[in-house]
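Below is one structure, written out as structure tokens; comments come after it.
Protein chains: 2
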Amino acid sequence: MRRNLGEPTDSVRTRAVACCPHAVGTIKRGWRVAATQRRGPVVPPTLADVAELAGVSRQTVSNALNNPALLRTDTLERVQEAVAELGYQPNRAARNLRTRASHLVGMRFAPAQEGTANALMERFVHSLVEECRAAGYHVLLFAADHDDITSGYDELVRSTAVDAFVVTDTYLGNPQAAWLEQNRVPFVAFGRPWDDPDAGHPWADVDGAAGVAMATRHVIGRGHTRVAWVGWRKDSRIGEDRRSGWSATMRERGLPTTGLAARVEDTIASGKEAAAMLLDEAHPSAFVCASDTLAMGVLHTLHDRGLVPGRDVAVVGFDDSQAAQVVPGGLTSVRQPLEEVAVEVVAALQGMLARPRLVHPPRLLTPSLVVRGSAP
Amino acid sequence: MRRNLGEPTDSVRTRAVACCPHAVGTIKRGWRVAATQRRGPVVPPTLADVAELAGVSRQTVSNALNNPALLRTDTLERVQEAVAELGYQPNRAARNLRTRASHLVGMRFAPAQEGTANALMERFVHSLVEECRAAGYHVLLFAADHDDITSGYDELVRSTAVDAFVVTDTYLGNPQAAWLEQNRVPFVAFGRPWDDPDAGHPWADVDGAAGVAMATRHVIGRGHTRVAWVGWRKDSRIGEDRRSGWSATMRERGLPTTGLAARVEDTIASGKEAAAMLLDEAHPSAFVCASDTLAMGVLHTLHDRGLVPGRDVAVVGFDDSQAAQVVPGGLTSVRQPLEEVAVEVVAALQGMLARPRLVHPPRLLTPSLVVRGSAP
DNA sequence: ATGAAAGCGCTAACAT
DNA sequence: ATGTTAGCGCTTTCAT
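Following this line, the structure appears as structure tokens:
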């Protein structure tokens, strides 16, 4: 393996001479630089090198890689030996040019906000990378202007740099999802198309309402009857969805919700204030929150008032962030099955890129509850 | 802009007919599929389309993009108009094939460990993506087998998928750094080559010892004299480096260190145990820790014993994780300048990939101290 | 089952 | 300053 990678092989030279006189010059210059540096830059073997070593034509080698069934067993073996001997890997650029596919999936990478506990992306991206690998894809990260988010997508599409996109921030009213759809750019969304139920693109999402319902049932099961909700502002579709998990469960159990809900910004300070207000005015014994950030804010208020989470007041967050995992006492939290989301997303991606196109049905995945000290 | 992107343009058709009869078939088939789907797949314009529209040769268009100084002003303008009119972007695959460069930087993406507070990567990767964009690069993420980490690198190198790598986990005894160097694969490391000071590759790193020294001086300045160290096991070079910041500062101020240090695994449980042991046996009034994970472990012990961080005992962590930011009371922590690291890494990358190669000197960056309630 | 020829879209070299 | 020619390494007809 890779035996000849650092040294000029005869086949490389022969190939150059054989197919065109001009190339000799090119390669000679390459090797001259090489000589200066004592050891040359790596000149990877090409299909032609493999073909020569195996004593077959270039096309046969190509077939051996892309359509092995076409070859006779002994020929196939000879080719495979030559491939192994030279450590041959097809040149991506050439293959991409020819097949008009990059085997790259683009994803805009926005950073987690400072001062919050919402670092989901690291987990999701890792799962995505793993799944993509299994499917023969790689993940290309890119950034975009704040004032013109679509420009980043546009550039990559037009330069045929990626085959498709994964869009993660559909909850922001996704201007890019609409743009991508309009421009017929293949993409899969992590997140429902809230504004457009008939959206044509594949998606996978986590059932936030179910997660919050689970959390609410958990605290009710521990004897709490006055369960408060600390969630996001009304314009957040995800926030309203999660909230519905709380309100539906409370109604179902015949428990009161009046005065027990707050809708605030997703910051520690807001969660803290909301908890203080609710404790004073509605006397809840449990808090279910739309995010770990808000839940940590609630913990701040309990901390300030000398109340012990899990003993005096139950608190449940959402996202199972690192903060939830490491905070003293531990924060019970709803955990999104991001690994499963990645599996669904990549499956949809594969279907979308396959010929003929295979439509992957939308999937709504169920989160789980990780029980820790704040709501044992 | 992008006016003709969704519709067949005359120039596209002409181009196809003009340059080869074979292509007609290909494009016709393309359009037949298009008809079935009501609206066709996007056929991006090529250099030839721009050339025809501008009334110049393909080479002139190429020059307009890559060497505009060569053109006469009016020609350049005409070409640029045509580029804008068609929404032209050079095809990456073709350009990559020709120039033997992908303008892609590979980075292995390992997930943060669950149950720790060490989610640095999200911040670093984002900065890296931003910096790369400014330099005309994109970041390609990949995963690798656990048992054979170099295989992932090898595959990308051999298929010429990336121009260089960014290596972030040099502290693990970096088997891949050695491999990359040996195979003359361009790469830049975030992290010093601890085992080989003469390593030829560029790198940038954060001065952990300076950060810990800063933290130690901070608590000493607040009147603490018995300052304990909770760090990693002795085989961690980074851990020993950070520890030296503590021990040197203590010695410098004539303060005792004996019995005041623990070397444990990087887990909450270990930090918690170490703190309990140290409190019992050495009675420190302050803890400086090698990581936020260990610091959170220390907070656990204080929590259990009814001690108030920042009032009874000072605690400082390392990394300024989200947990440090949101934990009630707040955790004072040393913050790595990851944005600056990314700037350095990309600068080194550019130098390394430039012709002639420009060697970027190694840079050791100084972290800062973020003061919060645990050590005010 | 294997080989020959063509060309994907671009840029480097040379010619004008 | 602009055009002409060739070819990067691969796959896709088509012919054998």
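If you're matching them up, the sequences are chains A and B in order.
Using this note's numbering, read the first sequence as starting at 1 and increasing by one per residue.
Using this note's numbering, read the second sequence as starting at 1001 and increasing by one per residue.
Built from N, CA and C at the ideal position, the CB exists for glycine as well.
- Under the criterion of beta carbons closer than 8 Å, B:F1165 and B:L1180 qualify as touching, at roughly 6 Å.
- The beta carbon of A:G211 lies closer than 6 Å to those of V334 and P367 in the same chain, with the five residues before and after it left out.
- Rounded to whole angstroms, the gap between the alpha carbons of B:T1060 and B:V1079 is 8 Å.
- Taking 8 Å as the threshold, the shortest C-beta distance from B:V1327 to chain A falls below it.
- Out of A:V219, A:V264 and A:L358, the CA that lies nearest to the CA of A:S374 is found in A:V219.
- In the DSSP assignment, A:G231 is bridged to A:R263.
- Here the C-alpha atom of B:N1118 lies approximately 11 Å from the C-alpha atom of A:S321.
- Where B:V1056 is concerned, there is no enclosing alpha helix (DSSP H), because DSSP gives it neither an H nor an E.
- Fewer than three Cβ pairs drawn from the segment 1254–1267 of chain B and the segment 1328–1344 of chain B lie within less than 8 Å of each other, which leaves the two stretches out of contact.
- For B:F1124, the secondary structure class from DSSP, reduced to helix, strand or coil, is helix.
- If you check each beta-carbon in the segment 1061–1082 of chain B against every beta-carbon of chain A, none falls closer than 8 Å.
- Under the Cβ criterion of 8 Å, A:P44 is counted among the residues facing chain B.
- At least one CB of chain A lies nearer than 8 Å to the CB of B:P1090.
- What A:F187 touches in chain B, judged by beta-carbon distance under 8 Å, is nothing: the nearest beta carbon there is about 13 Å away.
- Cβ contact annotation for B:D1266 (same chain, cutoff 7 Å, sequence separation greater than five): T1116, W1232, S1291, T1293 and L1294, in chain order.
- In this model, B:L1307 and A:V371 are separated by some 25 Å (Cα to Cα).
- DSSP lists A:L104 as the bridge partner or partners of A:H138.
- If you check the CB distance, B:A1135 and B:V1346 come in under 8 Å.
- DSSP places A:A324 within a helical segment (H, G or I) once states are collapsed to three.
- Within the segment 1199–1224 of chain B, not one residue has a Cβ closer than 8 Å to any Cβ of chain A.
- Looking only at A:D148, A:H126 and A:A82, the smallest Cα-Cα distance to A:L140 is reached by A:H126.
- Taking CB atoms only, A:T160 has a neighbour in chain B less than 8 Å away.
- Of the candidates A:A209, A:C289, A:N91 and A:E281, the residue whose Cα lies closest to the Cα of A:L365 is A:A209.
- Between B:G1310 and B:G1329 the beta-carbon gap is near 6 Å, inside 8 Å, which marks them as a contact.
- In the displayed model, B:D1304 falls within a helix according to three-state DSSP.
- For A:G115, there is no enclosing beta strand (DSSP E), as DSSP marks it with neither H nor E.
- Using a CB distance cut-off of 8 Å, A:S102 counts as an interface residue toward chain B.
- Cβ atoms of A:T301 and A:A269 stay farther apart than 8 Å, at about 11 Å.
- One finds E1122, R1123 and H1126 in chain B with Cβ atoms closer than 7 Å to the Cβ of A:P111, taken in chain order.
- With a beta-carbon spacing of about 6 Å, A:R123 and B:P1111 fall inside the 8 Å limit used to define contacts.
- The continuous stretches of alpha helix (DSSP H) do not include A:D205, which lies in the beta strand (DSSP E) extending over residues W203 to V206.
- Nearest neighbour of B:R1222 by Cα position, chosen from B:P1197, B:F1287, B:D1280 and B:P1193, turns out to be B:F1287.
- Contacts with chain B (Cβ-Cβ distance below 7 Å) from the segment 136–149 of chain A involve H138, V139, L140, L141, F142 and A143, listed in chain order.
- Below the 8 Å Cβ cutoff, chain B contributes V1326 as neighbours of A:T293, in chain order.
- Residue contact with chain A for B:E1181: absent (no Cβ-Cβ distance below 8 Å to any residue of chain A).
- Taking a beta-carbon distance threshold of 8 Å, A:M250 does not count as an interface residue toward chain B.
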